[in-house]
Amino acid sequence: MDALFSQLFAGLSLGSVLLLAALGLALTFGQMGVINMAHGEFMMAGAYTAFVLQTFIPDAGVSLLVALPVGFVVGGLLGLLLEVTLISRMYRRPLDTLLVTFGVALVLQQLARDVFGAPNVDVRAPAWLSGAVPVLGMNLPKTRLFILALAIACVVALSLVLRMTSLGRRIRATVQNRDLAETSGVSTRATDRLTFFVGSGVAGVAGVALTLLGSIGPTLGTNYIVDAFLVVVVGGIGQLKGAVIAAFSLGILQATFEYSTTASLAKVLLFVVIVAFLQVRPQGLVSVRTRSLA
Amino acid sequence: MLALSACGARTASGDAGTASASAGASCVDTSGDSVKIGFLNSLSGTMAISEQTVRDSLDLAASEINAAGGVLGKQLEVVAEDGASEPTVFAEKAEKLISSDCVAAVFGGWTSSSRKAMLPVFESKNSLLFYPVQYEGLEASKNIFYTGATTNQQIIPGMDYLKEQGKKKVFLVGSDYVFPRTANKIINAYAEANGIEIVGEEYAPLGHTDFATIVNKLKSSGADAVFNTLNGDSNVAFFKEYKNVGLTVDATPVVSVSIAEEEVGGIGVDNIVGQLTAWNYYQTVESPANTTFVAAFKAEYGEDRPTSDPMEAAYTSLYLWKGMVEKAESFDVADIQEAADGVTFDAPEGTVTVNGDNHHIAKTAYIGKIDADGLIYPVWESDGPIEPDPFLEGYDWAEGLS
Chain A
1 MDALFSQLFA GLSLGSVLLL AALGLALTFG QMGVINMAHG EFMMAGAYTA FVLQTFIPDA
61 GVSLLVALPV GFVVGGLLGL LLEVTLISRM YRRPLDTLLV TFGVALVLQQ LARDVFGAPN
121 VDVRAPAWLS GAVPVLGMNL PKTRLFILAL AIACVVALSL VLRMTSLGRR IRATVQNRDL
181 AETSGVSTRA TDRLTFFVGS GVAGVAGVAL TLLGSIGPTL GTNYIVDAFL VVVVGGIGQL
241 KGAVIAAFSL GILQATFEYS TTASLAKVLL FVVIVAFLQV RPQGLVSVRT RSLA
Chain B
1001 MLALSACGAR TASGDAGTAS ASAGASCVDT SGDSVKIGFL NSLSGTMAIS EQTVRDSLDL
1061 AASEINAAGG VLGKQLEVVA EDGASEPTVF AEKAEKLISS DCVAAVFGGW TSSSRKAMLP
1121 VFESKNSLLF YPVQYEGLEA SKNIFYTGAT TNQQIIPGMD YLKEQGKKKV FLVGSDYVFP
1181 RTANKIINAY AEANGIEIVG EEYAPLGHTD FATIVNKLKS SGADAVFNTL NGDSNVAFFK
1241 EYKNVGLTVD ATPVVSVSIA EEEVGGIGVD NIVGQLTAWN YYQTVESPAN TTFVAAFKAE
1301 YGEDRPTSDP MEAAYTSLYL WKGMVEKAES FDVADIQEAA DGVTFDAPEG TVTVNGDNHH
1361 IAKTAYIGKI DADGLIYPVW ESDGPIEPDP FLEGYDWAEG LS
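Residue numbers (the working numbering), protein chains in the order written: chain A, 1 to 294; chain B, 1001 to 1402.
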């Protein structure tokens, strides 16, 4: 029972990491159809933001809290720059965006290597996140609870933005019918930029969160980019709700496979399940009959 | 083909050259004031981070030897090549160094796959490779000198230490490739013979970053110690998770064999302080030779650069070659192979001696504890140098391992 519960939590926790990695992508890939291979590098930029901030702010707890909004802005600005300089020239050419952003990803990785050095760096975890919370006889690591809460907060914030704000209305209008939106007075160019800013900003936040779990190095993004795309594809393109369900399902599935087999085999099994699932339901978990959001 | 090379041809003396001219012939030119040697490390690609440090210490040794008058009165002329983290490139460059640069010996390699790729080249050309990194053992070639540890000089001392500490239940965690799997095979056999229970054996793909499940298994296994053969980035995620779930050094120490001084900073000292490592050298080893080595290295490359086991083994390997050449009074491969046995050097890690039978060297084993200052301090050392036993022939329990 204990093992079951702790594995369930491990799965939820892995799911929350996947969700953070995929959330921004659900917006830029899911909504805008841009295959952004540099999304992982925006996460890396967020992680390095946390690293840089901790050198200025000695208190690890304060620097983490500062890093979350700053990471959002850093990731967002990188995304904005990419959108304005390159992506804007190739909307409706998804394969070209794939190649171009892959090149950008390599450039960003090398840039990180030149600026921060090739060896990994460490971001100290704040004291209030060390240790675990006892729940039902299990010890749940505080860092993982924090990431779970952060993922939920990001989903809530993003869906509020999409549903409640005028930016959200403009994004939804642009996605549903770009031409009609334009004639209704929506500046689709400005909307594209803002959507990309928000999506890439969430990647930056994800990067900050990842500093609590693993290693911060130039290749951090490559560890997560494939998983992030999987979540979006399995969830159903264009669906925030789908991404949430997919992330937690894949997380729990992976944790279950890994517990009963091995880490290497679990990855294989997960891919088998995903391929089989996409045979049955190529459109993903949440179907996109209408192009409505969330 | 060899006779056409630009170097002055000098046929290897004795039996090596007679059988086949192309197999044994050497084009090493020793007529001038200098002799060429080859350095072959990854200066690009994923292994560059590690192998660059080895190159630095090799360069240091070469310039020291040259400043002191060279080898047999000849200055060392280094031909440096980049193996680019690709085993096939290592093989090609080794061939180039031997056949067209005509080097007297090559120093380098890091991964087992690079060594395995170079081995047939050195054997068919009858040249010498000095390989400076601890590895999984079960190998010996007359054309390779292994100056890093073999398993009975690192893994077995690591297990001996755990046994001495009264540990009964050991959990194995490693990256999923050849070294950890071979190491764990040996550890399983050791454990069975020594009354230790292996309560779990988990492998993570290289680059794996989510250790929640593996650490869960570790925690529920009741292990009182962990033997860690993870490589690279995975260590960071593993140690953070280990700390997150509340495992402690006091109750469940981790012995690692792939974490040296440079890696500690990247993992974060906070996450790994107090944990154990098994190596044959640390920057903190106290010996006059090490004081000199550390001072010289820092003077050359900067105060903040730590020295580590593979760097020291590479540095030592050049001096061992020098010792062999001087004992043989010849740069010839066959003469060196004959003279190798018993050649000894007062290395930074302590005295090392070449075993002429298996071409490994006797080394002292140290278990070290990672300190808050990021350095590793020895807490246990073997009674003198341990004779190399790459095939574990001296251990009854190892029978049948291959």
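Beta carbons: idealized from backbone N, C-alpha and C, even for Gly. Keep in mind it's a predicted model, so treat the numbers as computed, not measured.
With the criterion set as a beta carbon lying under 9 Å from some beta carbon of chain A, the members of the segment 1262-1296 of chain B are E1262, E1263, G1265, G1266, I1267, G1268, V1269, D1270 and N1271, in sequence order. For D227 (chain A), the enclosing alpha helix (DSSP H) stretches over residues L220 to G235.
Straight through space, the alpha carbons of R1181 (chain B) and D114 (chain A) are spaced by roughly 35 Å. Less than 8 Å divides the Cβ of V1285 (chain B) from the Cβ of P1378 (chain B). Where G1200 (chain B) is concerned, the enclosing beta strand (DSSP E) starts and stops at E1197 to A1204. For V272 (chain A), no CB of chain B lies under 8 Å from its own CB, so it is not counted at the interface with that chain. Proximity to N120 (chain A) across A:S215, A:G284 and A:L99 peaks at A:S215, based on C-alpha coordinates. Straight-line measurement puts the Cα of D1176 (chain B) at about 36 Å from the Cα of V1078 (chain B). For Y1366 (chain B), the three-state secondary structure derived from DSSP is strand.
Beta-bridge partners of H1360 (chain B) (DSSP): B:Y1146.
One Cα belongs to F1130 (chain B), the other to T55 (chain A), and the distance between them is close to 42 Å. Approximately 6 Å separates the beta-carbon atoms of E1349 (chain B) and E1312 (chain B); this is inside 8 Å, confirming the contact.
Taken through DSSP and simplified to helix, strand or coil, E1261 (chain B) comes out as helix.
When the five nearest sequence neighbours on each side are left out, the beta carbons in the same chain lying within less than 8 Å of the beta carbon of E1197 (chain B) are those of K1168, K1169, V1170 and A1191, in order along the chain.
Spanning the alpha carbons of V1254 (chain B) and M138 (chain A) requires a straight line of approximately 23 Å. By the C-beta density criterion, A45 (chain A) is buried, having at least 16 other C-beta atoms within 10 angstroms. Within the segment 1200-1281 of chain B, the complete alpha helix (DSSP H) runs of at least 4 residues fall at 1212-1220, 1234-1244, 1261-1267 and 1269-1272. For T49 (chain A), there are no C-beta contacts with chain B under 8 Å, since the nearest C-beta of that chain is about 17 Å from it. With three or more CB-CB distances shorter than 8 Å, the segment 1051-1063 of chain B counts as touching the segment 1299-1319 of chain B. Of B:L1128, B:E1241, B:R1115 and B:I1267, the smallest CA-CA separation from G1232 (chain B) is found for B:I1267. In this structure, DSSP gives M1118 (chain B) a helical state, which the three-state scheme calls helix. Runs of the beta strand (DSSP E) lying entirely within the segment 100-146 of chain A, each at least 3 residues long, are 132-135 and 138-141 in chain order. Taking 8 Å as the CB threshold, D122 (chain A) lines the interface with chain B. Around the beta-carbon of L180 (chain A), fewer than 16 other beta-carbon atoms lie within 10 Å, marking it exposed.
DSSP places Y1377 (chain B) inside the beta strand (DSSP E), whose first and last residues are I1376 to E1381. Residue contact check for N223 (chain A) against chain B: a CB pair falls below 8 Å. The beta carbon of Y1319 (chain B) is closer than 6 Å to those of F1345 in its chain, skipping five residues each way along the sequence. Using a CB distance cut-off of 8 Å, L278 (chain A) does not count as an interface residue toward chain B.
DSSP places F1130 (chain B) outside any alpha helix (DSSP H); the residue lies instead in the beta strand (DSSP E), whose first and last residues are L1129 to Y1131. The Cβ atoms of D1383 (chain B) and L14 (chain A) do not sit closer than 8 Å to each other. With fewer than three CB-CB distances shorter than 8 Å, the segment 1104-1111 of chain B does not count as touching the segment 1366-1377 of chain B. Checking the DSSP bridge columns, you'll see E1300 (chain B) has no partner listed. Around the Cβ of E83 (chain A), a 10 Å sphere holds 16 or more other Cβ atoms; the residue is buried. P1306 (chain B) has a beta carbon lying at 8 Å or more from every beta carbon in chain A. At a cut-off of 8 Å between beta carbons, I1144 (chain B) makes no contact with chain A.
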